[in-house]
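K.L.:
The structure under discussion is supplied below as structure tokens; questions concerning it will follow.
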Amino acid sequence: MYSKEEIVKSVPQTGFVGQPKGLFTLFFTEFWERFSYYGMRAILIFYMYYALKDGGLGLDRTQANIIMSIYGSLIYMSGIIGGWISDRITGTRKAVFYGGILIMVGHILLALPLGVSALYASMFFIIIGTGLLKPNVSSVVGDLYAESDPRRDSGFSIFYMGINMGSFIAPLLVGLFQKNWGFHAGFSVAAVGMFLGLLVFWKSQKNLGLAGSVPTNPMNAVEKKKAVRNFTVGGLIVVILGVIAYMTGNANVENFSLLITALGILIPTVFIAFMYRSPKTNADEKSRLLAYIPLFICAVMFWAIAEQSSTILATFIDTRTNLTLGSFDIPAAWFQSFNPLFIIAMAPLFAVLWTKLGDRGPSTPKKFAMALFFSGISFIIMIAAIVLTPEDTLVNPLWVVFSIFLVVVGELLLSPVGLSATTKLAPAAFAGQTMALWFLASAAAQAINAQLVRVYEHVSETMYFGVLGGFSIVLGVIILLISPIISKAMRGIK
21 MYSKEEIVKS VPQTGFVGQP KGLFTLFFTE FWERFSYYGM RAILIFYMYY
71 ALKDGGLGLD RTQANIIMSI YGSLIYMSGI IGGWISDRIT GTRKAVFYGG
121 ILIMVGHILL ALPLGVSALY ASMFFIIIGT GLLKPNVSSV VGDLYAESDP
171 RRDSGFSIFY MGINMGSFIA PLLVGLFQKN WGFHAGFSVA AVGMFLGLLV
221 FWKSQKNLGL AGSVPTNPMN AVEKKKAVRN FTVGGLIVVI LGVIAYMTGN
271 ANVENFSLLI TALGILIPTV FIAFMYRSPK TNADEKSRLL AYIPLFICAV
321 MFWAIAEQSS TILATFIDTR TNLTLGSFDI PAAWFQSFNP LFIIAMAPLF
371 AVLWTKLGDR GPSTPKKFAM ALFFSGISFI IMIAAIVLTP EDTLVNPLWV
421 VFSIFLVVVG ELLLSPVGLS ATTKLAPAAF AGQTMALWFL ASAAAQAINA
471 QLVRVYEHVS ETMYFGVLGG FSIVLGVIIL LISPIISKAM RGIK
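See the structure below:
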């Protein structure tokens, strides 16, 4: 294991827009990984429920939405395992590369006309691959800089710009290929994107020096034996339960979604309870952890609405929105590009705003409450779109764009401060696991969505959007009212 000083010295400190040369490697690796993921995500829901004659799998629309929600939840849950593997076994660099290979295999499976079996196999590879790559590539970025390096924040800003650029371009290109040459052509573009990311990483990894080259907390011989035993036993239990479910006729998407929903709620609950009860957690940290609970619930509520952009909102865009512009039919997948576009446009404005406001700016709890207002209003806007559109007439797409815009405003209020708040409020003894805790909010949200999307087909659209949007606004009001209590419990943390 190398010291922080040795790692930083091994990294070429110039060569990419005034940043360490390794940032070039990680910028384009993550650009292409996000390109592949968001390109695939933009058309996957349509691929599942489109009829066979239209190139899809012909699944029930509700079932497709459930699968999509389960998929999203498991991707965020897998980050916990990926972080552990890199920390104890592979090191972050190998985890990123192996994860990229698995993701590419998943996209290749989707690019081939192999049916539902290939869909589930591809999801397995992409879930595991993303769990290995996503949390670890950000960790390597941090390794490039000394703790006192003033370029660190700007380096992360450049890195996150790459994420949003890939997320913006992918739906446009993949959606165009899907529209003109079919779903498998679109998935092929995603596969090529991940291949390019791997190629960049492999060819330029020398720019990373020693960063991420070894595990930070490697296992000794006894721990390795214990890990092998635990994974073997755990794997056998999963297989046995799967066989029992199959033999009893309970192996279906609906029942699996119930399991994922239960895990999505149970895992963060146990995680927070474990930290609170730990003897390593002092009185101030326990108070901060209690303050974090309502913020975590806020995050779950926000992401439950935001993540429906790839399920319910995508379905609405495809089936209820006017996508004809003159003689051109707009691919439904293109709407997935608005989120990263708005983030790219508005993130600098929010950064300037918070800097100018300084201590006069809203507290963290108030920012979370405001985020819930915007996410709730985004769904109320969908009600307005439906009510103000004549019956048997397709909805003007600008309504949907405005709804997405409001969600992004909420995201910029909640997401940047969310990880920061998690880092500051989590007990010091668990500092290395704060990223996992924040990801669990998204995992829980999409696990809950796996049940919410089942309701969509059985109630009116206005009721669905109204209840969820209203609940978000009411929760925001509650958080706003108790924000002084939360701030006090944070014990000096802003």
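Quick note, the sequence shown lines up with residues 21 to 514 if you use the working numbering.
Even for Gly, the Cβ is constructed at its ideal location relative to N, Cα and C.
#1: Going by CA-CA distance only, name the one from Thr-375, Ala-404, Pro-288 that's closest to Ile-100.
#2: Using the C-alpha atoms, what's the distance from Arg-81 back to Tyr-70?
#3: Are the CB atoms of Ala-391 and Leu-433 within a distance shorter than 8 Å?
#4: Can you give the beta carbon distance from Leu-230 to Thr-45, rounded, assuming they're within the 8 Å contact cut?
#5: Exposed or buried, Val-347, counting other C-beta atoms within 10 Å across all chains shown (16 or more means buried)?
#6: Excluding sequence positions up to five away, which residues of its chain have a Cβ less than 8 Å from the Cβ of Pro-382?
#7: Out of Tyr-165, Tyr-312, Leu-193, Ser-158, state which residue places its alpha-carbon closest to the alpha-carbon of Met-181.
#8: What is the rounded straight-line gap between the Cα of Gly-284 and the Cα of Ile-86?
#9: Can you grab the Cα-Cα spacing for the pair Lys-73 / Gly-35, in whole Å?
#10: May I ask you to report which of helix, strand or coil DSSP gives Gln-356?
#11: Could you give the DSSP three-state label for Thr-82: helix, strand or coil?
#12: Looking at the unbroken alpha helix (DSSP H) that takes in Glu-431, where does it start and where does it end?
#13: I'd like the list of long-range same chain contacts for Arg-113, defined as Cβ closer than 6 Å, with 5 residues on each side in sequence excluded.
#14: If the criterion is Cβ atoms closer than 8 Å, does the pair Gln-471 and Ser-330 meet it?
#15: Answer with buried or exposed for Arg-54, where buried requires no fewer than 16 other C-beta atoms within 10 angstroms of its C-beta.
#16: Which value, in whole angstroms, describes the spacing of the CA atoms of Val-407 and Asp-169?
#17: Where do the N-terminal and C-terminal ends of the alpha helix (DSSP H) with Met-321 fall, by residue?
#18: What is the DSSP secondary structure of Gln-33, reduced to helix, strand or coil?
#19: From this set, Ala-461, Ala-365, Val-220, which residue's C-alpha is nearest Ile-121's C-alpha?
#20: Compare the C-alpha of Leu-152 against each of Phe-179, Met-124, Ser-137 and name the closest.
#21: Can you grab the Cα-Cα spacing for the pair Met-68 / Ile-502, in whole Å?
#22: In angstroms, rounded to a whole number, what distance separates the CA positions of Leu-16 and Pro-351?
#23: Taking just the CA atoms, how far does Gly-162 sit from Gly-38?
#24: Grab me the residues of Gln-198's own chain with a C-beta within less than 6 Å of its C-beta, minus the 5 sequence neighbours each way, in chain order.
#25: Identify, in the order they occur along the chain, each residue of the same chain with its Cβ nearer than 6 Å to the Cβ of Gly-515, setting aside the five sequence neighbours on each side.
#26: Shortest alpha-carbon distance to Ala-319 belongs to which of Ser-395, Leu-134, Val-473?
#27: What are the boundary residues of the alpha helix (DSSP H) that Asp-173 is part of?
#28: I think Val-427 touches Ser-462, with their Cβ atoms under 8 Å apart; what is that distance to the nearest whole Å?
#29: Using 8 Å as the threshold, is the C-beta distance between Thr-268 and Met-21 below it?
#30: Going along the chain, which residues of its own chain have a beta-carbon closer than 7 Å to the beta-carbon of Ser-307, five neighbours each way excluded?
#31: Look at Leu-517 and Ile-189 and say whether their C-beta atoms are less than 8 Å apart.
#32: Going by DSSP in three states, Trp-107 sits in which element: helix, strand or coil?
P.N.:
Inspection of the coordinates gives the following:
#1: Pro-288
#2: 8 Å
#3: yes
#4: Contact doesn't hold; Cβ gap of about 14 Å is too wide.
#5: The question names Val, yet the displayed sequence has Ser at residue 347. Exposed.
#6: Met-390
#7: Ser-158
#8: 14 Å
#9: 51 Å
#10: helix
#11: helix
#12: 417-445
#13: Gly-232, Ser-233
#14: no
#15: buried
#16: 54 Å
#17: 303-326
#18: coil
#19: Val-220
#20: Met-124
#21: 43 Å
#22: The structure shown does not extend to residue 16, since the chain is modelled only from 21 to 514, so the question has no answer here.
#23: 16 Å
#24: Ile-63, Gly-206
#25: No answer is possible for residue 515: it lies beyond the span of the chain, which begins at 21 and ends at 514.
#26: Ser-395
#27: 172-201
#28: With 8 Å as the limit, Val-427 and Ser-462 do not qualify as a contact, their Cβ atoms being about 14 Å apart.
#29: no
#30: Ala-509, Arg-511
#31: As displayed, the chain neither begins before 21 nor continues past 514, which places residue 517 out of reach and without an answer.
#32: Reading off the sequence, residue 107 comes out as Asp, not Trp. Three-state result, Asp-107: helix.
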